[in-house]
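Enquirer:
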Ligand code: ADQ
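Numbering (this note's numbering), first residue to last: 789 to 1253.
(1) Could you have a look at residue 1159 and say whether DSSP puts it in helix, strand or coil?
(2) Could you check which residue in 939, 935, 1130 and 1167 has the C-alpha nearest to that of residue 1025?
(3) Return the residue from the list 848, 858 and 849 that minimises the CA-CA distance to residue 834.
(4) Going along the chain, which unbroken runs of the alpha helix (DSSP H) with 4 or more residues stay wholly within the segment 863–908?
(5) Can residue 1064 be considered in contact with the ligand ADQ, in the sense that its beta carbon sits closer than 8 Å to one or more heavy atoms?
(6) Among residues of its own chain, excluding the 5 on either side of residue 1246, which ones have a beta-carbon nearer than 7 Å to its beta-carbon?
(7) Residues in the same chain with beta-carbon distance under 7 Å from residue 789, minus the five sequence neighbours each way, listed in chain order, please.
(8) For residue 1044 versus residue 1177, is the C-beta spacing smaller than 9 Å?
(9) Quick check: is any heavy atom of the ligand ADQ less than 8 Å from the C-beta of residue 954?
(10) Rank 810, 850 and 861 by C-alpha distance to the C-alpha of residue 796 and give the top, closest one.
(11) Spatial neighbours of residue 1115 within its chain, please: CB distance less than 6 Å, with the 5 preceding and 5 following residues excluded, ordered by chain position.
(12) So for residue 930, helix, strand or coil by DSSP?
(13) Where does the unbroken alpha helix (DSSP H) through residue 949 begin, and where does it stop?
(14) Buried or exposed: residue 1226, going by 16 or more other Cβ atoms within 10 Å of its Cβ?
(15) Is the CB-CB distance between residue 1179 and residue 1153 below 9 Å?
(16) Tell me the residue span of the alpha helix (DSSP H) that contains residue 1206.
(17) Which residues mark the beginning and the end of the beta strand (DSSP E) in which residue 1104 is found?
(18) Within a Cβ cutoff of 8 Å, which residues of the same chain sit near residue 986, ignoring the five residues on either side of it in sequence?
(19) Have a look at residue 1111 and residue 1066 and give me their C-alpha separation to the nearest angstrom.
(20) DSSP beta-bridge partners for residue 809?
(21) Determine the contact status of residue 873 and residue 826, defining contact as a CB-CB distance below 9 Å.
(22) Just verifying my parser: in three-state terms, what is the DSSP assignment at residue 1088?
(23) Just verifying my parser: in three-state terms, what is the DSSP assignment at residue 1177?
(24) Kindly indicate if chain D contains any beta-carbon less than 9 Å away from that of residue 925.
(25) Rank 1229, 1029, 1006 and 1237 by C-alpha distance to the C-alpha of residue 1018 and give the top, closest one.
(26) Name the one or two DSSP bridge partners that residue 1200 has.
(27) Should the segment 1041–1057 be called in touch with the segment 838–855, which here means at least 3 C-beta pairs below 8 Å?
(28) Alpha carbon to alpha carbon, how far is residue 803 from residue 1141?
(29) To which residues of the same chain is residue 1095 closer than 6 Å at the C-beta, ignoring the five residues directly before and after it?
(30) So, residue 964 versus residue 891, is the Cβ gap smaller than 9 Å?
(31) With residue 1210 and residue 1077 assumed to form a contact (beta carbons below 8 Å), what rounded beta-carbon distance in angstroms separates them?
(32) Could you name the residues of the same chain whose beta carbon sits closer than 7 Å to that of residue 886, not counting the 5 residues immediately before and after it, in chain order?
(33) Mark residue 1171 as exposed unless 16 or more other C-beta atoms lie within 10 angstroms of its C-beta, in which case mark it buried.
(34) Can you look up residue 855 in the DSSP assignment and give me helix, strand or coil?
(35) Are residue 1159 and residue 1128 close, meaning C-beta to C-beta below 9 Å?
(36) So, is residue 1103 buried or exposed, given that buried needs 16 or more other C-beta atoms within 10 angstroms?
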């Protein structure tokens, strides 16, 4: 007889829904970003609780609009100063650039780490009061690295998993963080630590060897022994909700939207970029490569259009506001220089699109240009492939995205090398149909293996074991 499944508790900084006000009414919309895109379908399918930050607005909006949630949501309220220090001061300004191996962008402020600890403690308290012993606890991402050990101290027998959605750097880079050892010891409170690729998992184990001397690491079995406990490290590449995406992509409304998009750009061939606005995503590099294509080939402006869709992100952080200005200027410059009557080379959207519209763009695009400088996995690459239900289309993919380990049939590029990137773009646009189809079929077989439900089931099964 199958064992009764334990209740699942997901913990992450950002919750799955946010409140949007329009025309005096408030309604719930799903938050953007890879983590929510991955875990919302999992909790919808299996039920449970999601613990995340919030200010109570969610409950009020639900009451007002008569809406209901697909699963329970427990909110952690952080005082403003703690929230700022934890989220901006530590998570965004220090951990994000270090874990993405971009130390030059780090801004360090000593006392901010206290707020990181306080925030992790507040999450731990909220978790303990809204869950029961026996629940399966799955903590997500770099905001909550101290939490596994905090929960372990209060509930020694709990099953605790932690998943790293972003890359894990080499020990040389990780050691730049002054509280490197605390962070690692926080994570060692878990039973199971998950990473997207083998390289990230091995980097993590190397950090433990170098920085936590009283632990024992076994690289081949991927275990860490500390005191009387042994925890496991697993490689668990995330995927996308394949069936749901394919069904929606095949919807007649999406097909109609796809045709409308193609008509709007005068049936030029579409090169597509879709990203959260972030300096790790390589957006300026992509724009420059497209400019090189326009410069080197006069007919390109009549034949191709770059559609860049960006979702606003971390808008109150200066580095992000600066990047936005930089991108706006680049787009303006390129469009100013290469536009001809009625034909603008870059169509640029700065907003969150509903999934159906996003999928219509994926279907309309001849080439997807996914060029992060570094990226844990990158779901956009997988979504593009999942939406190519009629085959064809070329994926140009940065070799520094975790997804590149799995999508070997993509045209892989080094995004720092603008010339090489422009060359890959040319190769993609010139690829004969049969070759593009064959590659896309191989990519679709890979994306099929990377289904998000399987990712969650496999991970949780290992955590429960
Ligand atoms: P992100 O950095 O957010 O995720 P990514 O994996 O590409 O990056 O996911 C972005 C998600 O946002 C995708 O599902 C995409 O469809 C959606 N999105 C982007 N722009 C949008 C727009 N304008 N409108 C609507 N939706 C939009 C982090 C890590 C990644 C890792 C994921 C999951 O940085 O490396 O793949 O978590 O683990």
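All residues carry an ideal CB built from backbone N, CA and C; glycine is no exception.
Expert: On the basis of the coordinates in this document:
(1) coil
(2) 1167
(3) 858
(4) 868–871 and 884–887
(5) yes
(6) 1024
(7) Per-residue confidence for residue 789 stands at a pLDDT of 45, beneath the threshold of 50, marking its modelled position as unreliable; no derived number is given.
(8) no
(9) yes
(10) 861
(11) 1071
(12) helix
(13) First-last for residue 949: 947–951, but that is the beta strand (DSSP E), not the alpha helix (DSSP H).
(14) exposed
(15) no
(16) 1206–1218
(17) Run containing residue 1104: none; DSSP gives neither H nor E here.
(18) 1023 and 1193
(19) 8 Å
(20) 814
(21) no
(22) helix
(23) coil
(24) Considering every chain present, this structure includes no chain D. It has just one protein chain.
(25) 1006
(26) 1185
(27) no
(28) 18 Å
(29) 1058, 1060 and 1135
(30) yes
(31) 4 Å
(32) 894, 957, 961, 962, 964 and 965
(33) buried
(34) coil
(35) no
(36) exposed
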